[in-house]
Amino acid sequence: MALINLLPWREEQRNQRRQRLMLMLITATFVGYVSAYFVMVKTEGEVSAQRDRVDYLQTAIQGYRDEIKRSRLLPRSSRHWKQD
Numbered sequence: 006m007a008l009i010n011l012l013p014w015r016e017e018q019r020n021q022r023r024q025r026l027m028l029m030l031i032t033a034t035f036v037g038y039v040s041a042y043f044v045m046v047k048t049e050g051e052v053s054a055q056r057d058r059v060d061y062l063q064t065a066i067q068g069y070r071d072e073i074k075r076s077r078l079l080p081r082s083s084r085h086w087k088q089d
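Numbering (my numbering), first residue to last: 6 to 89.
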């Protein structure tokens, strides 16, 4: 009976599996980083848009407050327009 040495074949398979595993880990890491980057960019955009809306509302509110202060300074008789 002839003896066949399968050790080199098994070692080659082990090396191929190890290389595939490393490639999958590198790919998964890359995809994770890219996904996290896009989520971060989108979140920063939404936060920036929300800050713009808040600034607009604060400006409008301050305008209304100024208008209220001016109307309180007017004499009572000139607060309301008289209709004919």
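Even glycine gets a Cβ: it sits at the ideal position worked out from N, Cα and C.
None of the values given here were measured: they were computed from a predicted structure.
By DSSP, does residue i sit in helix, in strand, or in coil?
{"i": "Asp89", "result": "Because Asp89 sits at a pLDDT of 49, beneath the cut-off of 50, its placement in the model cannot be relied upon, and the following sentence gives the value as read from the coordinates. Reduced to three states, the DSSP call for Asp89 is coil."}
{"i": "Glu8", "result": "According to the sequence provided, residue 8 is Leu. The question's Glu does not apply to it. It is coil, neither helix nor strand."}
{"i": "Pro80", "result": "coil"}
Assign residue i to buried or exposed, taking buried as 16 or more other Cβ atoms, counted over all protein chains shown, within 10 Å of its Cβ.
{"i": "Asp89", "result": "Only weak support is given to the placement of Asp89: the predicted model assigns it a pLDDT of 49, under 50, and the value that follows is read from those uncertain coordinates. Per the 10 Å Cβ criterion, exposed."}
Can we count residue i as close to the ligand MG, meaning its CB is less than 6 Å from some heavy atom?
{"i": "Gln24", "result": "In terms of ligand content, the structure shown is empty, and the ligand MG therefore cannot be addressed."}
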